[in-house]
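Q: If you read the first sequence in this note's numbering, its first letter stands for residue 614, the second for the next number, and so on.
Glycine residues also receive a C-beta, built at the ideal position from the N, C-alpha and C atoms.
Note that the coordinates shown come from a computational prediction; the quantities given were computed from them, not determined experimentally.
I have a structure here, written as structure tokens, and I will follow up with some questions on it.
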Amino acid sequence: MPELPEVEFYRLLAESAVDRPIKTVDAPDAWYLKRGATARSVRAALRGRSFVGTRRIGKLLLLDVSGDAPTLGLHFGMSGRLIVDGVAGIDDLRYASNRELTAWDRFRVRFEDGGDLRMRDPRRLGAVELDPDESRLGPDALTVSAGELARILGTSTAPVKARLMDQARLAGVGNLIADEVLWRAGVDPRRPARDLDSADVKQLHKHVRRTIKDFLTHGGSHTGDLLPHRVTGGLCPKDGVALQRAQVGGRTTYWCPTHQT
DNA sequence: ATTGTGGCCTGCCCGC
DNA sequence: TGCGGGCAGGCCACAA
614 MPELPEVEFY RLLAESAVDR PIKTVDAPDA WYLKRGATAR SVRAALRGRS FVGTRRIGKL
674 LLLDVSGDAP TLGLHFGMSG RLIVDGVAGI DDLRYASNRE LTAWDRFRVR FEDGGDLRMR
734 DPRRLGAVEL DPDESRLGPD ALTVSAGELA RILGTSTAPV KARLMDQARL AGVGNLIADE
794 VLWRAGVDPR RPARDLDSAD VKQLHKHVRR TIKDFLTHGG SHTGDLLPHR VTGGLCPKDG
854 VALQRAQVGG RTTYWCPTHQ T
């Protein structure tokens, strides 16, 4: 599914959509437009203008628009793809169909030059909005500082995994990255966040950033050390013992009972 | 405020 | 071979 690394690849792809005058907007799925956006309002915001730049906060892709028009915000959910001029940002998505069906195109911006930018999303869990409230997201997980992470974990009694995945506090860590990071850091995902000592926090900070960087280098969220073994009956690739599986923070979680404490 | 739960979406996979 | 029920997880509404 698209986590932070995939959205960063989408952002790089979206760079090729910058500075191209927009001719029309197709928004055939009203359900896909969120927070008050309508086909009419999005069309009015974009038509005759251009994207002037791309940004990303966590899993939110932001396309800034020329003039005084509102920024376009794209959420990819877990099955959304970005396609520009027929080129997909990611070839293979876990937990999503890789088939190509234009019936799954939920949103399209067509340029005067004949090209287009599309969101293809079989499960319709993504979303398009105008002028997204960027303050509802915490600092980006790729650049979060050690001090910020310590404050995010703070005095919370919630499981550390739930805290890491709280987008309002730390933007960009999804379920797979959370499991990989906790596995690398040797931290039990169920532990109350406030029980972590400074050494644990230091490990988590190191591995949050390093894991995301690894994924960016190696091509996506499916390249982790734990993830190939994150299946029913999987063994810890470090200790060889059976991985535990349970719901933590409402999400399916795998961890090693031996070295994650 | 904080934390937990349930539901949404729909393609896919497993077992019958 | 077809079919039904789980399952996947990001996000949000809602409850305690």
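Between the alpha carbons of glutamate 725 and glycine 699, how many angstroms are there, rounded?
A: As a first step, residue 725 is located in the first sequence; it is residue number 112 there, counting from the start. As a first step, residue 699 is located in the first sequence; it is residue number 86 there, counting from the start. Their Cα atoms are separated by approximately 16 Å.
Q: Since proline 641 contacts serine 692 with CB under 8 Å, what's their CB separation in whole angstroms?
A: Residue 641 sits at position 28 when you count from the first residue of the first sequence. Residue 692 sits at position 79 when you count from the first residue of the first sequence. Contact check for proline 641 and serine 692: beta-carbon distance about 17 Å, past the 8 Å limit, so the pair fails to qualify.
Q: Could you have a look at alanine 771 and say whether DSSP puts it in helix, strand or coil?
A: In the first sequence, counting from the first residue as 1, residue 771 sits at position 158. Three-state result, alanine 771: coil.
Q: Within its chain, find whatever has a CB closer than 6 Å to the CB of proline 634; leave out the 5 residues flanking it on each side and keep chain order.
A: The residue you call residue 634 lines up with position 21 of the first sequence. Same-chain partners within the cutoff: Ser663, Glu725.
Q: Looking at glycine 847 and glutamate 793, is the spacing between their C-beta atoms short of 7 Å?
A: The residue you call residue 793 lines up with position 180 of the first sequence. The residue you call residue 847 lines up with position 234 of the first sequence. The answer is no: Cβ separation not under 7 Å.
Q: Considering only residues of the same chain and omitting the five flanking positions on each side of alanine 781, which have a CB-CB separation below 8 Å?
A: Locating residue 781 in the first sequence gives position 168, counting from the first residue. Arg749, Leu750, Gly751.
Q: Are the segment 769-781 and the segment 676-688 touching by the rule of at least three beta carbon pairs closer than 8 Å?
A: Contact between the segment 769-781 and the segment 676-688 is absent, because fewer than three Cβ pairs lie under 8 Å.
Q: Measure from the alpha carbon of glutamate 761 to the alpha carbon of each residue in Asp852, Tyr867, Arg822, then state which is nearest.
A: Here residue 761 corresponds to residue number 148 of the first sequence, with the count starting at 1. Per the Cα distances, Arg822.
Q: Indicate the three-state DSSP secondary structure (helix, strand or coil) for glutamine 857 in the structure shown.
A: Counting from one through the first sequence, the residue named residue 857 turns up at place 244. Looking at glutamine 857 - three-state DSSP - the assignment turns out to be strand.
Q: Does alanine 754 pass the burial test, meaning 16 or more other C-beta atoms within 10 Å, or should it be called exposed?
A: On the first sequence, position 141 is the one that residue 754 refers to. Flag for alanine 754 reads buried.
Q: Please classify tryptophan 868 as buried or exposed, where buried requires at least 16 neighbouring CB atoms within 10 angstroms.
A: Stepping through the first sequence from its first residue, residue 868 is reached at position 255. Counting every other CB atom within 10 Å of its CB across the protein chains shown gives tryptophan 868 a total of 16 or more, marking it as buried.
Q: Determine the closest residue to histidine 688 out of Lys819, Ala798, His872, Val741, with distance taken between C-alpha atoms.
A: Within the first sequence, the letter at position 75 stands for residue 688. Ranking Lys819, Ala798, His872, Val741 by Cα distance to histidine 688 puts Val741 first.
Q: Less than 7 Å between the C-beta atoms of proline 802 and threonine 871, yes or no?
A: Taking the first residue of the first sequence as position 1, residue 802 is located at position 189. Taking the first residue of the first sequence as position 1, residue 871 is located at position 258. Judged by beta-carbon spacing, threonine 871 lies beyond the 7 Å limit of proline 802, meaning their Cβ atoms are not closer than that value.
Q: Measure from the alpha carbon of alanine 652 to the alpha carbon of each residue in Val722, Pro850, Arg776, then state which is nearest.
A: Translated into the one-based positions of the first sequence, residue 652 becomes position 39. Ranking the options by Cα distance to alanine 652, first place goes to Val722.
Q: Is it buried or exposed for aspartate 729, if we count other Cβ within 10 angstroms and need 16 for buried?
A: Sequence index remark: in the first sequence, residue 729 carries index 116 (1-based). So aspartate 729 ends up on the buried side.
Q: Smallest Cα separation from glycine 863: which of Thr845, His820, Arg797, Gly787?
A: For the purposes of this step, residue 863 is identified with residue 250 of the first sequence, where counting begins at 1. Measuring from the Cα of glycine 863, the nearest candidate turns out to be Gly787.
Q: Let's test the definition: count the other Cβ atoms within 10 Å of the Cβ of leucine 714 and tell me whether it reaches 16, buried, or not, exposed.
A: Residue mapping note: residue 714 aligns to position 101 of the first sequence, counting from 1. Result: exposed.
Q: Pick from Gln873, Glu616, Thr874: whose alpha carbon is nearest that of glycine 739?
A: As a working note, residue 739 is residue 126 in the first sequence. Nearest option by C-alpha distance: Glu616.
Q: Do leucine 789 and isoleucine 765 have their C-beta atoms within less than 7 Å of each other?
A: In the first sequence, counting from the first residue as 1, residue 789 sits at position 176. In the first sequence, counting from the first residue as 1, residue 765 sits at position 152. No, the pair does not count as a contact, with Cβ atoms beyond the cut-off.
Q: Throw me the rounded Cβ distance for the alanine 759 and histidine 818 pair, which I believe falls under 8 Å.
A: Along the first sequence, one-based indexing puts residue 759 at 146. Along the first sequence, one-based indexing puts residue 818 at 205. Alanine 759 to histidine 818, Cβ: 5 Å. Contact.
Q: Going by the CB atoms, is the gap between leucine 646 and leucine 695 shorter than 7 Å?
A: Along the first sequence, read from residue 1 onward, the residue named residue 695 stands at position 82. Along the first sequence, read from residue 1 onward, the residue named residue 646 stands at position 33. Not a contact, by the Cβ cut-off of 7 Å.
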